[in-house]
Structures are given as C-alpha cells and as structure tokens.
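Here the sequence shown stands for residues 1 to 922, numbered as in full-length UniProt numbering. Glycine included, C-beta positions come from ideal geometry on N, C-alpha and C.
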Amino acid sequence: MDLVIVESPAKAKTINKYLGSNYKVLASFGHVRDLPAKDGSVRPDEDFSMDWEVDKPSQKRLSDIATALKSSDRLILATDPDREGEAISWHVLEVLKQKKVLKDKPVSRVVFNAITKKAVLDAMENPREIDVPLVDAYLARRALDYLVGFTLSPVLWRKLPGARSAGRVQSVALRLVCDREAEIERFKTDEYWQIAAKLSTPRDEEFVARLTSFEGEKLGRLSIGNETRAFEIRDMLNGASFQAASVEAKPTRRNPGPPFTTSTLQQAASAKLGFNASRTMQVAQRLYEGMDIGGETVGLITYMRTDGVQMAPEAIDEARAAIGKTFGARFVPEKARLYTTKAKNAQEAHEAIRPTSFDRHPKDMEAFLDRDQARLYDLVWKRAIASQMASAEIERTTAEITAENGGRRATLRATGSVVRFEGFLGAYQEHRDDSKTPDAAAAAEEEDDAARLPEIVARESLKKRAVEPTQHFTEPPPRFSEASLIKRMEELGIGRPSTYAATLKTLEDRQYIVQDKRKLFPDSKGRLVTAFLHNFFEKYVEYDFTADLEGKLDGISAGELAWKDVLREFWTDFSAQVDGTKELRVTDVLDALNEELAPLVFPDRGDGSNPRACPRCGEGKLSLKLGKFGAFVGCSNYPECGFTRQLGTNLQAEGVEGDGSNEPKTLGVDPDSSEPVTLRSGRFGPYVQRGDGKEAKRSSIPKGWQVSDIDFDKAMQLLSLPREVGLHPETGKPILAGLGRYGPFLQHDGAYANLETIEDVLTVGLNRAVTVIAEKKERGGRGRSTPAALATLGEHPAFGGEITVREGRFGPYVNVGKINATLPKSKDPASVTLEEAIQLLNERAEKTGTTPKKASAKKPAAKKTATKAKAKGDAAEGEATPAKKPAARRAPAKAAAAPAPAPKAPPKTELIKAPKAKAKAD
C-alpha cells in the first residue's frame, strides 16, 4: 500500500476515491510546523539557522502519518502545486526523517492542477522529487517576513505606543491605502460645465450631441469653468441653426480577455457578486477540492492560486468544441487564442483558473452547489469559455454637427454604437473598473457611446429640442476597494496571489484599515504607522524595493539565486537601519508625524485661524502625543490646559464631519432639569450626555445612527431610556424598553427579551411588547437555549462530533461538543471553512485544557498558547505581537488543609532545529 499526503481532508477523501484500495490518503491540515513566535527563531548570526515548532494538533497528525508510513511501501507527497504546497511536503518529509520512520522507503512528489480522476492518475504516473529551489524560496520568504516582523514591530511598540505590528508586504499595502487618502485630502476641486443639445432629425428621431468647440476654440473637459460662460454659450446655441456636417460609421472589434488569475477572479467576484477576497478564495477552494456530482466527487475548477493566463492545449480544444456546441460555429475563431500576462514579476507557473471540464455547464451544476458556489463557478466557466470565443463586431457611429448663429459658430458631436455580432459578449461582459476616478461627465459620454443613434444623413438640417448646460466638479481619485487594491498590488509586483487575501485580512484585524460600503479607509493607527515607517524606514515601504525583492525571491524559485545570499544582502542594510533608531527620541518621532499628517491631525477650521492653535486656551500649540491607548492630540500648555482630541474613531469612514475633539457640542437644554444636553466623543466612541460630573446621564450612539444626524430631539430620546411601554395586562407590572450592553431590549418582571433595532425601543407599543415577551417565554423563559446551527461543516478529525457555526450572545462562533471558539470580528460566519473551524477549536481546546472525548481524572495545566495562536494568524506576514505580562496569582483566602498535588506538566512542544543548509552542489 502507498501512503499519499495532501493538505485538506476534503481533498484526501476525493483523491482516495480515485486511487482505490491500494492507496491510503491522509491530510496534513495545511502546514505542520512553523517558526515559533519568539525572538531567535531565525538567527542571522548563525547563517540564518531556523527553528521549527510543531503545534499540538499537528503532532497528532504527524504521528498518524508516521504510523501509517510504517505499514506502507511508498510515500507520495501530493500537496498543492505552488510554493506553499512544496513547503508543506518538505516539512512533512523533514519531520518523518527526524522520527526515523522513513528508512529506505521511496519518496516521490506529484502535482496536479485539477482534482479530477484523469489529472490525479496522470500525476501518479509522472512523479518527481521535491523542488529544492522552490523550498529555498519559501524559506527565504518566511525568514524575511519573520525578521521584518520581529525586528521592526518592537521598534514600533517603543517609539509609537498603540501600534500593533509591521510586516514586509502588509506595510506596503497599507501605504497604498494611506497614500490614496493623503491624495484625496490634498485634492482641490474645480468647477466645470458641459453643454449638451437635444436634437432631432427631419424624421423626428431624437438624439443627444455634446459641445466640442466654440468659436474656433477646442474645448477640453475643464474649458468652461463658470456659469457665466456656460450660459453665454447656451444662449448662442438656443438661437442657432444646426446641420449634420459629417456622419462616419466605423466598424471595430473587441477581443475577449484571458481566463481568470487569482487577482482578476477576486476583482470580478467583488464587482459582480459582492464577495470580498477571503470569501472568493474560500468558495474557490471548495470548487477546486471537489463536489459530489451525481455520486462522483470531482473538482470543478483548476488550482485557484495562480498568475498564469494560459490554458492547457487540451482545455483550449475542449473549450472550442463547447463553444460550437453551445453558441454555434460562427462563435469559434479560426485560431485558438494565446495569452501572456502583463503583471509585473508574474511567474506563470500554472494554468489560469478554468473549469476542469467545459461540458459541465453552470446550469447543470446548480443542483449540486450552494448559491455562492454556483455563482462563482458560473463566473469562472463564462470567463474561461469567452477567452476562446470570436471577437465582438461593433459599428461605432460619429456625427459631427455644426451650429451657427449670427456669424458665431460651434461644433457638437454625437456618438453611438451598434453590436453587429456579439461574439464573446454572448458569454461574458467585463465588470466596471472601480479603480478609475469617477466622473459624472465621463460617465455620460460612456452612455452616449453605448447608445444607438438614429439614422443621420450628412448635410441635412437638424431641429433643436433643448440646450442643457450642466454643472460638474472634479472628483478626487476613488478610495481603494479590496479588488482595486489587489489589482494595484499586482501591477506593482507586490505580494503574490496566495498572499493577497491574507494581507488584507491582517490589515483589518490590526484595525489599520476599515471597510465602509466596500471602500477601504485608513484608520488613524494605520496612518501613524505608515508615516513612521515612511520617515524612518522609507526604503522598506517603497514600492520598487518591495517589488525588486519579490523578483529576487522568484529568482530563487528558478534556481538563479542562492537564498541565503539574498537574506544576507537584505539583513545587512535592514539591521543597520534598525540600529540607527535606537537613539531616536519620541519627540523626533512626533515632530515628523505632526508635519506629515498635518491634514489629518490639524484640519483646516475654515475661518483662517491657525489649525495648531489650541481652541480652548488660545495660547498653547496642538501636537500629537502618545498615551497608553495610542496617539491623540493635546495642548502644549498642559496641565494648565487639558484640551485633547482623539484619533482612531473611524469617523471618516462613517462620513461624519468634525474635528474629533472631546470638547462637548451643546445640543440644547433639558426643559425639566435645566441641564445642558451635549454630544461628546469618548474612548469607546461618541455619546450624548445630560448634565455634568459623575452623576450625569449618558447614552452611547446606537449602531446604525450617524453622529452627524444627532440633534437635541434624538439625544433626548436616548437619554429618556429606558422608557415605560405600559403595564402588562396579566401581571400589572411595567414593561420597559431600553438600550443595554447587548443591544435593544424589553424588560418585564426581571426577564428580558431582545428587540431588533433602536427604532423598536422608541416606538414599540404595548400589544407588540406583550407578544415579544410571550414568544421569549415559550422559547425557554429566562434560561438561555443553545442557538440553532447556522451551518454544519463536517466532523472534527480528533474530537469526533459535528462542527457547527452558531450565532451567540457575544457574536458568531464554531462549536463541537462542549467546545466553543469565537470567530474573529472580520470573519463572515457564512464563509467559515472546515479547516478554519478545526484550527480555531484546536486552539481553544489547547488553551483551556479541554479534552472533549474522554475527560481525564486530572486536567493537564492549560498551556499558554495565546502568543502561539497569534503567530499562526500572522504566518503570512511574519508579524510579532507584544508579549503580555502574566497576571499575578491571587493568594488563597484560607490555608489548605493538605498540600495540593503538583500540577501535571504540560506536554513539551516539539522543537526541531533545521539542519544547516548544504552547498548547492550537494
């Protein structure tokens, strides 16, 4: 029997069916070991020696693999066909060598770009050895990420309290978002006008023409800069006679784009399906690993982490056959289309993302897939098949029109197009690129181009229906969405397809960026970190430097560069730069940040006054200051003046105007108590307050309410809570509606029932309140019942039992048996995969010392793995996390009658020191 190792249990199950009883397929559940999250795991002074750590869940899996290997004839490593997959195979092999179970058994490496029976069996017939240069590239990348994270992050903690971490790719991606925000802040809006005339032919067919020149002057977009000029031209055109000077119909062809790469799939899924990058990759992973299609498990798409745009010759032939069958012979071009990528540093090591079989039409697959899977598969199938279809044939018509009035002359242009043959447009149409600057006038011209013109004859007179000048203002470049940021990173050669989603998730988890209506806003913490790195580590957040380093890593993959030479070159300069910051004073840091972040920290007040003058005392000067919870703005005249202004409330993302000051804004006076009602900003966000001092009544602004909309009436509504709805008809006791720690609620006779919104709290009547309380009582009264499962993911491989996703009192979580693990805030409950759930549950069980299957008599001491778990999530970026001091133990109230037995020592974490690298000749 041969032992086959893959990453995921779903993949293992599928492949086992293809290979039969002579093979045993086991899953490693991703990486089996990693660098320990502590200083010294990579040692530059020891020729970049690296220590590897095997966590507790992986220890069990490796033991299972080692046991299975003893009774096997051969080891086949069949992990994913990329650098990470190669690294997992290498790690598994190294651990098995350490365990001395491999002996003289043959080892082979197989790769397949699609999980289909043919692809898997073909791969088994063509084994190879582990690709050493690809492993070297992984080691270099992992060491670089670790060294940057664990060297740069402590500098941030010392010099910029409140900062979380820095990473090699993460920090450059953050800079892109911050630079775009700075560009928006510097943008100066210009007014401009455009003039359109609604005309008609002698046959009374209307169309729109736009002004292009006036009295011999060719007009650009900003040429008409004010209302006076616009109305002057309008008045001239209102009295003018119009004639079609020329009409030209020009045929054009539009060619299809290539099949999806990782980044283009993420962009299209964002624009067309509303998926974020993580969700796109999770759904694609399921389609790749295999679905049960009519009793057979089969992978529906090829490997989804790729920057290649080509398809295999046999796939192209199949696509052309499917085009003829589905759309007709005319839609099949004479020659197959071949594509090359334009992305910087693209490796093109794998095929583009395509269906494993074009005969599996999306409509036929809907019965076997959930909604998201069906939609994404439909997108992949249509884009891939369109890439081999005939060009669209479009006729574009342009009519030049003259207008004359008393010797004054103007020229207008009308455009339109007609699709004569839809070609590939019959299968797939491109999404709108949200990375381009939005422009109302440009959008109107695009609509004109897409519109169909009536028949216009050259030199015929035209009738004027109306002349419409419209006012516009130039707009700043748009903020990045996840999709457009990924596109920009790819254009610059920053990161790799497998890292995009993880990089964006890290930035959100660190609260360096926030999303609002799918746009990315830099939080003030992110702006501070970027400004600090730009001033004191500029080289390492430069786009070209990061792209060049990616190019060197690719050179290692190709066997052109030695990985330790690349590390030495990087580390020599980087460590010297870090050493240079040891004498850096905090005041130097603040002076630099005050200057670079002036538009954010000291916004223009609009009255001509100095933005840095203290608004309270008038004598002090405002400056950034660093506190326990991060940066804030304070007065230099402290302690005489206690003015402060907070940063980091994300008000920009909510579209809220204001300077973020903690100075109260008076909304009115309570007529009953004569106390002032104010709007304030605190550490935990905005709130309203009545009166002053510790006894003042306060209420936070509820979720869904905009701070800019809070007026005196709304503030009084919040401050009047809880309100009495009425007396319960059965008990005669009052029912109260209020806003509590866990949201809107009803209270009656010591029991609580949830309401959905704050509006319900303010408007709910007695009848509805009685009904809600009764329904809550039927569900279990005051006792809390287990929430219903939102989804069932599968069985836990170690603990047994089904893993479910549930919505709890404190948010969504995953559950197996008695173990609950809270999902990260940024995680969509609908997007959790089985592998992610297993990892969360394993970490929770290890942290709490829980043994779900068989509870032992003595519980092992809970291991302190918070730092370790944190490091897992940061593996893609090699970030460090500040260590927490252990809490002091509380002394027992009374002496124990007998000494307690010594606690059982926790199992030792297996540390494996990587052997020193041998010369390339070996």
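Next on the checklist: Taking the alpha helix (DSSP H) that Ile385 belongs to, which residues open and close that run?
Outcome noted: Numbered from 1 along the sequence shown, position 385 holds the residue referred to as residue 385. It spans 371-386 - the alpha helix (DSSP H) in which Ile385 sits, taken as one unbroken run.
Checklist entry - Near Tyr377, what residues of its chain come up, given a Cβ to Cβ distance below 8 Å and the 5 sequence neighbours on each side ignored? => result For the purposes of this step, residue 377 is taken as residue 377 along the sequence shown, with counting starting at 1. So the qualifying residues of the chain are Leu287, Leu300, Ile301, Pro355, Pro362, Met365, Leu369.
Checklist entry - Can you name, in chain order, every residue of its own chain whose Cβ lies under 6 Å from the Cβ of Pro127, other than the five neighbours on each side? => result Within the sequence shown, the letter at position 127 stands for residue 127. The answer, listed in chain order, is Ser108, Val110.
Next on the checklist: Tell me the rounded alpha-carbon separation between Leu147 and Leu762.
Outcome noted: Taking the first residue of the sequence shown as position 1, residue 147 is located at position 147. Taking the first residue of the sequence shown as position 1, residue 762 is located at position 762. Those two C-alpha atoms are separated by around 54 Å.
Checklist entry - Candidates Asp692, Lys621, Asn16, Pro686: which alpha carbon is nearest Pro676's? => result Translated into positions along the sequence shown, residue 676 becomes position 676. Sorting Asp692, Lys621, Asn16, Pro686 by C-alpha distance to the C-alpha of Pro676 places Asp692 at the top.
Next on the checklist: I'd like the span of the alpha helix (DSSP H) that includes Trp571, first residue to last.
Outcome noted: For the purposes of this step, residue 571 is taken as residue 571 along the sequence shown, with counting starting at 1. From DSSP, the alpha helix (DSSP H) with Trp571 extends over 563-579.
Item to check | For His431, the three-state DSSP class (helix, strand or coil) | outcome: Your numbering for residue 431 matches position 431 in the sequence shown. Here His431 sits in coil by DSSP.
Checklist entry - Roughly how many whole angstroms lie between the Cα atoms of Leu453 and Thr252? => result Start at 1 with the first residue of the sequence shown, and residue 453 comes out as number 453. Start at 1 with the first residue of the sequence shown, and residue 252 comes out as number 252. If you take the alpha carbons of Leu453 and Thr252, they lie about 16 Å apart.
Item to check | With 16 other Cβ atoms within 10 Å as the buried cut-off, status of Glu657 | outcome: Here the question's residue 657 lines up with position 657 in the sequence shown. Residue confidence for Glu657 is low, a pLDDT of 38 falling below 50, so the modelled location carries little weight; the figure read from the coordinates is stated next. Exposed, because fewer than 16 other Cβ atoms sit within 10 Å of the Cβ of Glu657.
Item to check | Bounding residues of the beta strand (DSSP E) (the contiguous stretch that carries His472) | outcome: For the purposes of this step, residue 472 is identified with residue 472 of the sequence shown, where counting begins at 1. Looking at the DSSP string, the run of the beta strand (DSSP E) that includes His472 is 461-473.
Checklist entry - Out of curiosity, what's the CA-to-CA distance linking Ile15 and Asp2? => result As a working mapping, residue 15 is identified with position 15 in the sequence shown. As a working mapping, residue 2 is identified with position 2 in the sequence shown. When the Cα atoms are used, Ile15 and Asp2 turn out to be separated by approximately 13 Å.
Item to check | Nearest-angstrom Cα separation, counted from Ser700 out to residue 924 | outcome: No answer is possible for residue 924: it lies beyond the span of the chain, which begins at 1 and ends at 922.
Checklist entry - Between Thr666 and Gly618, what straight-line distance do the alpha-carbon atoms span, to the nearest angstrom? => result Position 666 of the sequence shown, counted from the start, is the residue given in the question as residue 666. Position 618 of the sequence shown, counted from the start, is the residue given in the question as residue 618. So the alpha carbons of these two residues sit roughly 20 Å apart.
Next on the checklist: Which residue marks the beginning of the beta strand (DSSP E) containing Tyr813, and which one marks its end?
Outcome noted: The residue you call residue 813 lines up with position 813 of the sequence shown. Note, Tyr813: beta strand (DSSP E), 811-816.
Checklist entry - What are the start and end residues of each continuous alpha helix (DSSP H) run of 4 or more residues lying completely inside the segment 581-610, in chain order? => result Entirely contained in the segment 581-610, the alpha helix (DSSP H) runs reaching 4 residues are, in chain order, 586-596, 598-601.
Checklist entry - Does the segment 57-67 come close enough to the segment 87-98 to have 3 or more Cβ pairs within less than 8 Å? => result At 8 Å Cβ cutoff, the stretches touch.
Next on the checklist: So within the UniProt domain "Toprim" (1-117), which uninterrupted beta strand (DSSP E) runs reach at least 3 residues, ignoring any that extend past its ends?
Outcome noted: Complete beta strand (DSSP E) runs here, min 3: 2-6, 23-27, 49-54, 74-77, 107-109.
Checklist entry - Are at least three pairs of beta-carbons, each pair with one atom in the segment 40-50 and one in the segment 99-107, less than 8 Å apart? => result Touching, no, given that fewer than three Cβ pairs across the two stretches are closer than 8 Å.
Checklist entry - Helix, strand or coil: how does DSSP classify Arg698 here? => result For the purposes of this step, residue 698 is taken as residue 698 along the sequence shown, with counting starting at 1. It is a strand residue.
Checklist entry - In its own chain, which residues sit with a C-beta less than 6 Å from the C-beta of Ala119, not counting the 5 before and 5 after it? => result Looking up residue 119 in the sequence shown gives position 119. Once the five neighbours on either side are set aside, the close Cβ partners of Ala119 are Phe112.
Next on the checklist: One question on the structure: do Glu215 and Arg408 come within less than 9 Å of each other, judged by their Cβ atoms?
Outcome noted: Position 215 of the sequence shown, counting from 1, holds the residue named residue 215. Position 408 of the sequence shown, counting from 1, holds the residue named residue 408. At the C-beta level, Glu215 and Arg408 come within 9 Å of one another.
Item to check | Meets three-Cβ-pair contact criterion under 8 Å: the segment 218-235 and the segment 190-204 | outcome: By the criterion of at least three beta-carbon pairs nearer than 8 Å, the segment 218-235 is in contact with the segment 190-204.
Next on the checklist: If we require 4 or more residues per run, which alpha helix (DSSP H) segments fall completely within the segment 664-734?
Outcome noted: Look at the segment 664-734 and you find these whole runs of alpha helix (DSSP H), each 4 residues long or longer: 712-719.
Checklist entry - Smallest Cα separation from Ser387: which of Gly406, Leu338, Asp51? => result Taking the first residue of the sequence shown as 1, we reach residue 387 at position 387. When each option's Cα is compared against that of Ser387, the closest is Leu338.
Checklist entry - Would you report the Cα separation of Pro9 and Lys70, rounded to the nearest angstrom? => result As a first step, residue 9 must be located in the sequence shown, where it is residue number 9. As a first step, residue 70 must be located in the sequence shown, where it is residue number 70. Going from the Cα of Pro9 to the Cα of Lys70 covers about 21 Å.
Item to check | Bridge-paired residues (DSSP) for Cys635 | outcome: Here residue 635 corresponds to residue number 635 of the sequence shown, with the count starting at 1. The beta-bridge partner set that DSSP reports for Cys635 consists of Leu622.
Next on the checklist: So for Glu206, helix, strand or coil by DSSP?
Outcome noted: Residue numbering aside, residue 206 sits at position 206 when the sequence shown is read from its first letter. It is a strand residue.
Checklist entry - When you compare each of Asp34, Lys100, Asn22, Pro36 to Leu73 by their alpha carbons, which one comes out closest? => result Sequence index remark: in the sequence shown, residue 73 carries index 73 (1-based). What sits at residue 73 in the sequence shown is Asp, not Leu. Ranking the options by Cα distance to Asp73, first place goes to Asn22.
Checklist entry - For Arg360, which option in Lys11, Asp372, His350, Lys382 has the closest C-alpha, if you only look at C-alpha atoms? => result Taking the sequence shown and counting its residues from 1, the one referred to as residue 360 is at position 360. Residue nearest to Arg360 within the set Lys11, Asp372, His350, Lys382 is Lys382 (criterion: CA-CA distance).
Next on the checklist: Using DSSP's beta-bridge definition, name the partner residues of Gln646.
Outcome noted: As a first step, residue 646 must be located in the sequence shown, where it is residue number 646. Residue pairing by DSSP puts Gln646 in a beta bridge opposite Phe632.
Checklist entry - Quick one: any contact between the segment 572-581 and the segment 604-619, if contact means 3 or more CB pairs under 8 Å? => result Under the 8 Å Cβ criterion, the segment 572-581 does not count as touching the segment 604-619, having fewer than three qualifying pairs.
Item to check | Same chain only: Cβ atoms within 6 Å of Phe643, ignoring 5 sequence neighbours per side | outcome: Translated into the one-based positions of the sequence shown, residue 643 becomes position 643. Take Phe643, set aside five residues on each side of it, and the residues of its chain with a beta-carbon closer than 6 Å to its own are Cys614, Arg616, Cys635, in chain order.
Item to check | Boundaries of the alpha helix (DSSP H) in which Asn820 is found, first to last residue | outcome: Indexing the sequence shown from 1 puts residue 820 at position 820. Note, Asn820: premise wrong, no alpha helix (DSSP H); beta strand (DSSP E) at 819-822.
Checklist entry - Leaving out the 5 sequence neighbours to the left and right, which residues in its chain are closer than 6 Å to Lys250 when beta-carbon positions are compared? => result Walking along the sequence shown from the start, residue 250 turns up at place 250. Annotation for Lys250: Arg396 place their beta carbon closer than 6 Å to its own, counting only its chain and skipping 5 residues before and after.
Checklist entry - Does the beta-carbon distance from Leu528 to Leu597 come in below 9 Å? => result Within the sequence shown, residue 528 is the residue found at index 528, counting from 1. Within the sequence shown, residue 597 is the residue found at index 597, counting from 1. With contacts defined by Cβ atoms closer than 9 Å, Leu528 and Leu597 form a contacting pair.
Checklist entry - What do you get for Gln706, buried or exposed, if any count of 16 or more other CB atoms within 10 angstroms of its CB means buried? => result Here residue 706 corresponds to residue number 706 of the sequence shown, with the count starting at 1. Exposed is the call here.
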